[in-house]
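Notes to accompany the following structure.
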Amino acid sequence: MAKLNVGEKMPNFTFNTQKRTGVTIEEAVKGKKKTVFWVLRYIGCTVCRYDVHVISQRYQEFLDKDAQVYVVMQSDPQVVRDDLAKSPIDIPIEIICDTDMNIYKTLSIETWGEPGSKPVFDEAAMAKIQVKGAAAAEAGFSHGQYEGLEEQLPAMFITNDQGVVEYAHYGKDIMDMPVVDDVLAML
7 MAKLNVGEKM
17 PNFTFNTQKR
27 TGVTIEEAVK
37 GKKKTVFWVL
47 RYIGCTVCRY
57 DVHVISQRYQ
67 EFLDKDAQVY
77 VVMQSDPQVV
87 RDDLAKSPID
97 IPIEIICDTD
107 MNIYKTLSIE
117 TWGEPGSKPV
127 FDEAAMAKIQ
137 VKGAAAAEAG
147 FSHGQYEGLE
157 EQLPAMFITN
167 DQGVVEYAHY
177 GKDIMDMPVV
187 DDVLAML
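Those letters in the sequence shown? Residues 7 to 193, by my numbering.
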């Protein structure tokens, strides 16, 4: 499939989260005005687990806008459960566990290169990595278990309650993603 664009319907994947099995996109988007699909790498990635933490801390703001967030990761559900059990805060979001990377492949979410390749960052991306990495370290996050493709780029999709995409973003590097404030402003 080609990249997903605004106005197209999100494919009706069936997925598992750390909490439930056999959920479809159609089921997931019902009941909330907007659904954010925040596509990251895996739960052991320091900045990815930090993102989960920040989204969780501010989750009430999403709910106040009649929105919900699903984070898509390459992680195994048990690895996610084990990792989140160590969190000092409640994690209200569900993490879609796409270990076979079906969602990444179907939505054409690219990698920065071949497995084992080194990422190339411009100055702005490097500065963002340093700031976010420092914030993650200050919050007590370090790297956990490696899963999936280290070279995976992020993406984000916001759908309405019918699964129609209202916002689509494919990251050009691992830091090319909206932050929580940006996402809340779009809802």
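All residues carry an ideal CB built from backbone N, CA and C; glycine is no exception.
Note that the coordinates shown come from a computational prediction; the quantities given were computed from them, not determined experimentally.
Can Cys103 and Asp82 be called in contact, C-beta distance under 8 Å?
-> Sequence index remark: in the sequence shown, residue 103 carries index 97 (1-based). Sequence index remark: in the sequence shown, residue 82 carries index 76 (1-based). For Cys103 and Asp82, yes; Cβs fall inside 8 Å.
Tell me, to the nearest whole angstrom, how far the beta carbon of Val58 is from that of Val77; I am working on the premise that it is less than 8 Å.
-> Position 52 of the sequence shown holds residue 58. Position 71 of the sequence shown holds residue 77. At roughly 6 Å, the Cβ-Cβ gap stays under 8 Å, so Val58 and Val77 are in contact.
Distance between Gly146 and Thr20 (C-alpha atoms, nearest Å) | Residue 20 sits at position 14 when you count from the first residue of the sequence shown. Residue 146 sits at position 140 when you count from the first residue of the sequence shown. The alpha-carbon atoms of Thr20 and Gly146 are separated by roughly 34 Å.
Straight-line gap, Gln84 to Val170 (C-alpha atoms, nearest Å) = For the purposes of this step, residue 84 is taken as residue 78 along the sequence shown, with counting starting at 1. For the purposes of this step, residue 170 is taken as residue 164 along the sequence shown, with counting starting at 1. Those two C-alpha atoms are separated by around 30 Å.
Segments of 4+ residues assigned as alpha helix (DSSP H) that fall wholly inside the segment 43 to 79 | 52 to 63, 65 to 70
Measure the beta-carbon distance from Thr117 to Leu90 and round it to whole angstroms, keeping in mind my assumption that it falls under 8 Å.
-> Reading the sequence shown from its first residue, position 111 is the one you call residue 117. Reading the sequence shown from its first residue, position 84 is the one you call residue 90. So it is not a contact: roughly 25 Å between Cβ atoms.
Would you mind giving the Cβ-Cβ distance between Thr165 and Pro17, rounded to the nearest angstrom? I have them listed as a contact below 8 Å.
-> Position 159 of the sequence shown holds residue 165. Position 11 of the sequence shown holds residue 17. Wrong, their Cβ atoms sit about 11 Å apart, outside the cutoff.
Looking at the unbroken alpha helix (DSSP H) that takes in Ile31, where does it start and where does it end?
-> Within the sequence shown, the letter at position 25 stands for residue 31. Unbroken alpha helix (DSSP H) run through Ile31: 31 to 35.
For the alpha helix (DSSP H) holding Tyr1, just list the boundary residues, first then last.
-> Summary: the structure shown does not reach residue 1, with the chain confined to residues 7 through 193, and so no result is reported for it.
Measure the CB-CB distance between Ser62 and Ile101 and report whether it falls below 8 Å.
-> The count along the sequence shown starts at 1 and reaches residue 62 at position 56. The count along the sequence shown starts at 1 and reaches residue 101 at position 95. In this structure, Ile101 does not lie closer than 8 Å to Ser62 by Cβ.
Determine, using beta carbons only, whether Lys39 and Asp188 come nearer to each other than 8 Å.
-> By one-based count along the sequence shown, residue 39 stands at place 33. By one-based count along the sequence shown, residue 188 stands at place 182. Not in contact: Lys39 and Asp188 (Cβ atoms no closer than 8 Å).
So, helix, strand or coil for Glu156, using DSSP?
-> Along the sequence shown, read from residue 1 onward, the residue named residue 156 stands at position 150. Looking at Glu156 - three-state DSSP - the assignment turns out to be coil, as it is neither helix nor strand.
What's the gap between the Cα of Glu153 and the Cα of Val86?
-> As a first step, residue 153 is located in the sequence shown; it is residue number 147 there, counting from the start. As a first step, residue 86 is located in the sequence shown; it is residue number 80 there, counting from the start. Looking at the two C-alpha atoms, the distance is approximately 11 Å.
By Cβ distance below 6 Å, which residues in the same chain neighbour Met181 in space, the five residues on each side in sequence not counted?
-> Mapped onto the sequence shown, residue 181 falls at position 175. If we look at Met181 and ignore the five residues flanking it on each side, its Cβ neighbours are Ala131, Lys134, Ile135.
Secondary structure at Met192, three-state DSSP: helix, strand or coil?
-> Your numbering for residue 192 matches position 186 in the sequence shown. The answer is helix: DSSP assigns Met192 an H, G or I state.
At which residues does the alpha helix (DSSP H) containing Ile135 begin and terminate?
-> Working through the sequence shown from its first residue, we reach residue 135 at position 129. Residues 129 to 144.
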